[in-house]
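**Q** Starting off with a structure, shown below.
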Amino acid sequence: MTGDAVLREVTLTLPMSPDMEVAASKTASAMAEFMRMSPEKVDEVRLAVVEACINAFEHSHARDHKVHLTFAVLGHGQPEKLEIKVHDTGVGFLVDSLEEPVLADKLRAARKRGWGLKIIRGLMDEVEIASGSSGTTVVMRKLR
Amino acid sequence: MTETLKLTVDRRDRVAIVYTEGYINNQGGEEIAKVAYELIGEGYRNLLLNLAGTKIVNSIGISILIEVIEKMLEVEGRLAFCNLTPTIEKTFHIMGLAQYAGIYRDEPAAVDGLKT
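Chains A and B, in that order, are what the protein sequence lines are. Residues 496 to 639 in our numbering are what the first sequence lists, from first letter to last. Residues 27 to 142 in our numbering are what the second sequence lists, from first letter to last.
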């Protein structure tokens, strides 16, 4: 975001292994708590990170089997927002081709999954997704 | 690192309560589904999931809970949740779960709601 200084930044690279999303969520919690976000907002950030990691684990098919995260506290002197980038080097996907899941349809469908991005968008203040043949980056922001 | 889910079941008159403790991911969701299907097999048509001991539920775990909701609808039963964290409750509303499963603040309110 233009005009925002990076007050604190942490990078993390995790293997795509079971429950590694929980390790990512703990870093998210620590950063959100550093900013003195409310406990509810901390939890929302935490779950959004879990979902972004799971999406990368399940759908990226990244050859390095890793997900790369950057957590940045942004602001002008005081922490104002937390920006989290979740990047994989996988095959990418067509962002516009994703259909919004609807529970009434999912109840009748064999496949019940596909909720990750809807949850992320519902929990975070800003979400941007860039995806292509060199991978996918999800950028999520939460205001303090 | 593995986050395991612990389940405890309280079989009461007309309502079975499943207490969760830990992370509800794919394995946790499968554990809940297994217990729920056993309770349905025993004849229970009112199931309550008390999530007081759960601070995080991921979308794969919730997808399995949707399977349980589908099963409950098939047998004309009801599934309800209580003691949700604000984030879990918000997530359930984002997904529309509240249309198909009762969401209650605490266990007494949920038990009353399921028995009426």
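Positions of the beta carbon are idealized from the N, C-alpha and C atoms, including for glycine. Bear in mind the structure is a predicted one, so any value in this text is a computation, not a measurement.
#1: If you draw a straight line from the C-alpha of residue 165 (chain B) to the C-alpha of residue 559 (chain A), how long is it?
#2: Residue 635 (chain A) bridges to which residues according to DSSP?
#3: Give a yes or no on contact between the segment 128-135 of chain B and the segment 103-120 of chain B, applying the rule of three or more CB pairs nearer than 8 Å.
#4: Taking Cβ positions only, does residue 27 (chain B) come closer than 8 Å to chain A?
#5: Which of helix, strand or coil does DSSP assign to residue 63 (chain B)?
#6: Count Cβ pairs between the segment 527-534 of chain A and the segment 569-583 of chain A that sit closer than 8 Å; are there 3 or more?
#7: Helix, strand or coil for residue 537 (chain A) per DSSP?
#8: Which residue's Cα is closest to the Cα of residue 550 (chain A): A:526, A:538, A:511?
#9: Could you tell me the distance, in whole angstroms, from the CA atom of residue 620 (chain A) to the CA atom of residue 77 (chain B)?
#10: So residue 71 (chain B) packs on residue 101 (chain B), CB below 8 Å; how close in whole Å?
#11: Is residue 55 (chain B) buried or exposed, if buried means 16 or more other CB atoms sit within 10 Å of its CB?
#12: Tell me where the alpha helix (DSSP H) around residue 107 (chain B) begins and ends.
#13: Our contact map puts residue 92 (chain B) next to residue 542 (chain A) with C-beta atoms below 8 Å; I'd like the distance itself, whole angstroms only.
#14: Scan the segment 595-608 of chain A for residues whose Cβ lies nearer than 7 Å to a Cβ of chain B and list them as they occur along the chain.
#15: Does the count of Cβ pairs from the segment 580-591 of chain A and the segment 623-632 of chain A closer than 8 Å reach three?
#16: In the DSSP assignment, find the beta strand (DSSP E) that holds residue 570 (chain A) and state where it starts and stops.
#17: Of all the CB atoms in chain A, is at least one closer than 8 Å to the CB of residue 96 (chain B)?
**A** Taking the structure as given:
#1: Here chain B has residues from 27 to 142 only, and residue 165 (chain B) is not among them.
#2: Answer is A:579, A:622, bridged to residue 635 (chain A).
#3: yes
#4: Unreliable positioning characterises residue 27 (chain B) in this predicted model, as indicated by a pLDDT of 47, which lies under 50. A coordinate reading is not provided.
#5: helix
#6: yes
#7: helix
#8: A:511
#9: Straight-line Cα distance between these residues: approximately 26 Å.
#10: 6 Å
#11: buried
#12: Counting along the chain, residue 107 (chain B) falls outside any alpha helix (DSSP H), though it belongs to the beta strand (DSSP E) covering 104-108.
#13: About 17 Å; that fails the 8 Å criterion.
#14: Taking 7 Å as the Cβ-Cβ cut-off, the segment 595-608 of chain A approaches chain B at 598, 601, 602, 607, 608, given in chain order.
#15: yes
#16: 561-571
#17: yes
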